[in-house]
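Student: For reference, the structure I am asking about is given below.
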């Protein structure tokens, strides 16, 4: 009975729960067959899963697997549903009176079945106007039933069609919600359009559907979609464009189509229609044509144009700055704030006010925050309006805490509208400020940078603050480094270390790593520790022990709130995925805790989770970490507490959450944690880079613990080869400056 995949058939007796947003349902069915270990006293059994709205009396074939729910016992989790026609008069009556049409109860349903008998379903499917033959049936009820039956038929047909090609109920429901009655025709015409038009269905899923429909490998629509997919994949690796030959090779590899001429022909067609764009300008530096997705092409050109306009337009700040006696002004400013500024720091404050675009960069402990605060005080002393922003919510919160001034995410500052999918502030409605200061600028990708520039008036100053030696943005582009290298901005690189004590090694080791020297790993400091372990499985066990027992015992801290494990890779015994499972089991593994398994991931009450995208409806942002403080199995939702706020997630929205006992280095950017624990093994060789190790340890405020191989640490420190990103922003800017 408890095989992996089974099929059961039954008639729906009760709909215990239905969520209209995602189709998640809990049904009680009367099965056509005997299941003694799963059947309740009343002869029904429970079926759960995402599916179209199903009414009482419907006869359904469910495909899926048996599960054991900790609270509700044995249930059948349906992955595929096939509606069947009721096969008895009683079944037809139950279905018609299930609420499909308001006003049809059992008596009215019985009238219809008594009139048409076993032909009732056939009449409703093919000639529903015959309902008007029933003299005792009110005309408005007949009309409503005709309409409702047709709508229901459309949904049922679409679901049967999609599920016939291996689409799950949940995904079929999402497709139908997008296309409605046109679902079958749309998917038949071009299944690859699903990847472009329906959220959550990427090229891989669309390709599976298309292949199931029998489309050949070299179908023009498949190659068209494959080119778009290849460019999208490359953008996830940081590239804003791809050289033509590399794009063709990448597409051939992804599609497993060994026909370059066919791909070249599809590419030429895409360029002709404007779905892709060819630009020789950035490609000239590498002697190859550059192929862009339009969004990156326009963002790159737009950013270069706007930076040029920004740099060359004089401002009111500059006009006032010409009359300032800087030595006296800065001395008074520093004395008022009871700080001392180095010549570098004084130069940075001066540059922010005398240059339209300025960059302040430097490693930990070099005084970036103090310098930034002096810029703010200078603006306030001169009565200029400014705004503070960061790419992520956590970074914005930290910026606000360190400057004691309001700070927002860039999206919130620009007035992002989830419903409209755009920003309120742009070239038509710019921000009414004299200077914008953006912290953690190394995280800004090209698209966000372009949106930010569009919201600035030409006379506004832009100050970018960040550590250029950290990992570049997750998104496409290398904005901060390109701006620095272009000559468009005045750049101040702070290199004098202020923040360190004699027995502190976090800051000094960060700078040693950045300069290509190995960190001190003698465990003689109070805040930087190295535990040697060559075996990956043993290293994972050691990390769990360090997090659960050793650090809490030594420092009296909470392992869930005060420790963040950061891993270089997702796979392997000491990868993000395995460590999340091990730490969840160790820190939150009590058997009585409420839990819910979704898509192979187990969410438990008390779990540490991270939000993975900005969600302005919920007021949570990419990088926010919270705890699951409630699991409602009846309503199908989580309650997550983030910074004291309660946020609710439907089961279908669990895609926005990842477990955060362990996170990747990229996910840690813009955040600070009291204690960072990091595995470094030679098995991570593909990711062992200097900027990755540097980024991870600079996330720690108090303590760093490295676990693994000394050789792996040396490999990371010695590897300063940052992967090349294809980006045309730098050559476009160099052309103008």
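Numbering (the working numbering), first residue to last: 963 to 1699. Positions of the beta carbon are idealized from the N, C-alpha and C atoms, including for glycine.
Hey, which unbroken runs of the beta strand (DSSP E) at 3 residues or more fall wholly within the segment 1294-1344?
Tutor: Counting only runs of 3 or more, we get 1319-1324.
Student: Determine the extent of the alpha helix (DSSP H) in which residue 1660 is found, giving its start and end residues.
Tutor: Looking at the DSSP string, residue 1660 is not in any alpha helix (DSSP H), and its letter there is neither H nor E.
Student: According to DSSP, what are the bridge partners of residue 1423?
Tutor: In DSSP, residue 1423 forms a bridge with 1397.
Student: Helix, strand or coil for residue 943? Go by DSSP, reduced to three states.
Tutor: Outside the shown range of the chain, which is 963 to 1699, sits residue 943, and nothing can be said about it.
Student: Within 10 angstroms of its Cβ, does residue 1439 collect 16 or more other Cβ (buried), or is it exposed?
Tutor: When all chains shown are included, residue 1439 counts as buried.
Student: Mind checking whether residue 975 and residue 1018 have CB atoms under 8 Å apart?
Tutor: Result yes, Cβ atoms of residue 975 and residue 1018 sit closer than 8 Å.
Student: Is any heavy atom of the ligand PLP found at a distance shorter than 7 Å from the C-beta of residue 1168?
Tutor: As for the ligand PLP, it is missing from this structure, which has no ligand bound.
Student: Could you tell me the boundaries of the beta strand (DSSP E) in which residue 1418 lies?
Tutor: Per DSSP, residue 1418 belongs to no beta strand (DSSP E) and is neither H nor E.
Student: Identify which residue in 1223, 1476, 980 has its Cα closest to the Cα of residue 1135.
Tutor: Closest option to residue 1135, Cα to Cα, is 980.
Student: So what does DSSP say about residue 996, is it helix, strand or coil?
Tutor: Residue 996 falls in the coil class under three-state DSSP.
Student: Counting only the same chain and skipping the five closest in sequence on each side, list residues whose C-beta sits under 7 Å from that of residue 1365.
Tutor: Counting only Cβ-Cβ distances below 7 Å, and skipping sequence neighbours, we find 1334, 1335, 1338, 1350.
Student: Which residue from 1102, 1197, 1293, 1602 puts its Cα closest to that of residue 1257?
Tutor: Per the Cα distances, 1197.
Student: Since residue 1510 and residue 1498 are thought to touch, with beta carbons under 8 Å apart, how far apart are those beta carbons, to the nearest angstrom?
Tutor: About 19 Å separates the two Cβ atoms, so there is no contact after all.
Student: At what residue ranges does the segment 1534-1604 contain a whole run of the alpha helix (DSSP H), taking only runs of 4 or more?
Tutor: You should have 1538-1549.
Student: Can you name the start and end residues of the alpha helix (DSSP H) that residue 952 belongs to?
Tutor: Look at the range of the chain in this structure, 963 to 1699, and you will see that residue 952 is not part of it.
Student: Near residue 1344, which residues of its chain fall below 7 Å by C-beta distance, leaving aside the five closest residues on each side in sequence?
Tutor: So the qualifying residues of the chain are 1282.
Student: Does the segment 1166-1178 touch the segment 1398-1417, meaning 3 or more C-beta pairs lie closer than 8 Å?
Tutor: In short, these stretches do not touch, since the Cβ pair count stays below three.
Student: For the alpha helix (DSSP H) that residue 1192 lies in, which residues bound it at each end?
Tutor: Here the alpha helix (DSSP H) through residue 1192 covers 1182-1198.
Student: Quick one, are the C-beta atoms of residue 1555 and residue 1568 less than 8 Å apart?
Tutor: Contact: yes.
Student: With three or more C-beta pairs closer than 8 Å as the rule, is the segment 1288-1297 touching the segment 1426-1444?
Tutor: Taking 8 Å as the limit for Cβ pairs, the verdict is that the segment 1288-1297 does not touch the segment 1426-1444.
Student: If we call anything under 8 Å between Cβ atoms a contact, is residue 1141 one with residue 1148?
Tutor: Yes.
Student: Give me, in chain order, the residues of the same chain whose beta-carbon lies closer than 6 Å to that of residue 1275; leave out the 5 immediate sequence neighbours on both sides.
Tutor: Excluding positions up to five away in sequence, the list reads 1420, 1421.
Student: Tell me whether residue 1026 sits in a helix, a strand or coil according to DSSP, three-state version.
Tutor: Three-state DSSP puts residue 1026 in a strand.
Student: Taking DSSP as the reference, what is the three-state secondary structure of residue 1165?
Tutor: If DSSP states are grouped into helix, strand and coil, residue 1165 belongs with the helices.
Student: Does the beta-carbon distance from residue 1481 to residue 1410 come in below 8 Å?
Tutor: No.
Student: Give the C-beta separation of residue 1203 and residue 1252 to the nearest angstrom, bearing in mind that I take them to be a contact with Cβ-Cβ under 8 Å.
Tutor: Sure, about 4 Å apart at Cβ, within 8 Å.
Student: What is the DSSP secondary structure of residue 1050, counted as helix, strand or coil?
Tutor: Residue 1050: coil per DSSP, three-state reduction.
Student: Alpha carbons only, please: which of 1689, 1494, 1268, 1564 is nearest the one belonging to residue 1547?
Tutor: For the residues 1689, 1494, 1268, 1564, the minimum Cα distance to residue 1547 belongs to 1564.
Student: Grab the span of the beta strand (DSSP E) containing residue 975 for me, first residue to last.
Tutor: Segment 968-980, the beta strand (DSSP E) holding residue 975.
Student: Quick check on DSSP: helix, strand or coil for residue 1671?
Tutor: DSSP places residue 1671 in coil when its eight states are reduced to three.
Student: Does the beta-carbon distance from residue 1393 to residue 1424 come in below 8 Å?
Tutor: Contact: no.
Student: Using 10 angstroms around the beta-carbon of residue 1677, count the other beta-carbons present and answer buried if the total reaches 16, otherwise exposed.
Tutor: Residue 1677 comes out buried.
Student: Out of curiosity, what's the CA-to-CA distance linking residue 1698 and residue 1264?
Tutor: Between residue 1698 and residue 1264, the C-alpha separation is close to 13 Å.
Student: Would you kindly work out how many angstroms separate the C-alpha atoms of residue 1292 and residue 1646, rounded to a whole number?
Tutor: Cα to Cα, the separation comes out at about 48 Å.
Student: On the three-state DSSP scale, how would you describe residue 1612?
Tutor: Here residue 1612 sits in strand by DSSP.
Student: At the level of alpha carbons, what is the spacing between residue 1374 and residue 1380?
Tutor: Going by the C-alpha atoms only, they are around 11 Å apart.
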